[in-house]
Amino acid sequence: MHPPPSKPLDPVYTQKPDYGKVPGYLQHNKAKIAEERARVDALLLAAEQEKASKILPEEERQQLLRQLKLKWAQINSQFLRLPCTLDTPAKRLRKEVYEAQLAQIEKDVKLLQSSDKIVVTSD
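The letter at position 14 of the sequence shown is residue 14 when you use the UniProt record's numbering, and the numbering goes up by one with no holes.
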């Protein structure tokens, strides 16, 4: 009697030499994707930097100065309407808020008047 014919064994994939390694075409595709992402990021960064800072035109600077002076006049008139006696905490707080706003506007006006070119950033 002869033993029955043996059928071929299933291949053992874990013992192949390239088992567990990333195929070459996938490595190539990953590299291409990474290069493309780097290019897109560089273009976006350049566009953002270009858009992020610009020189304020003279006309806009003059308009901004006029608006700041009008705002200062409005706040100053409200400040002058405050009563002489600041007997409540709310009155004292309102006076301090007006003073802080007036000081900030004066600082901004001085900055706009002293500089010829104003660079505006999006931050």
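C-beta: ideal position from N, C-alpha, C; glycine also.
- Across the structure, residue 78 and residue 45 are spaced so that their CA atoms are roughly 45 Å apart.
- For the UniProt domain "Enkurin" (28-120), the full-length alpha helix (DSSP H) segments reaching 4 residues or more read 58-80, 89-114 along the chain.
- Residue 54 is positioned such that its CB atom lies closer than 8 Å to that of residue 120.
- In the structure shown, residue 20 adopts coil according to DSSP, grouped into three states.
- Here the region 56-74 makes contact with the region 105-120; the two share three or more CB pairs at distances below 8 Å.
- In the displayed model, residue 9 falls within coil according to three-state DSSP, outside both helix and strand.
- With a contact defined as Cβ atoms closer than 8 Å, residue 95 and residue 82 qualify at about 6 Å.
- Non-local beta-carbon contacts of residue 98 in its own chain, meaning distances under 7 Å to residues more than five positions away in sequence, involve 75, 78, 79 in chain order.
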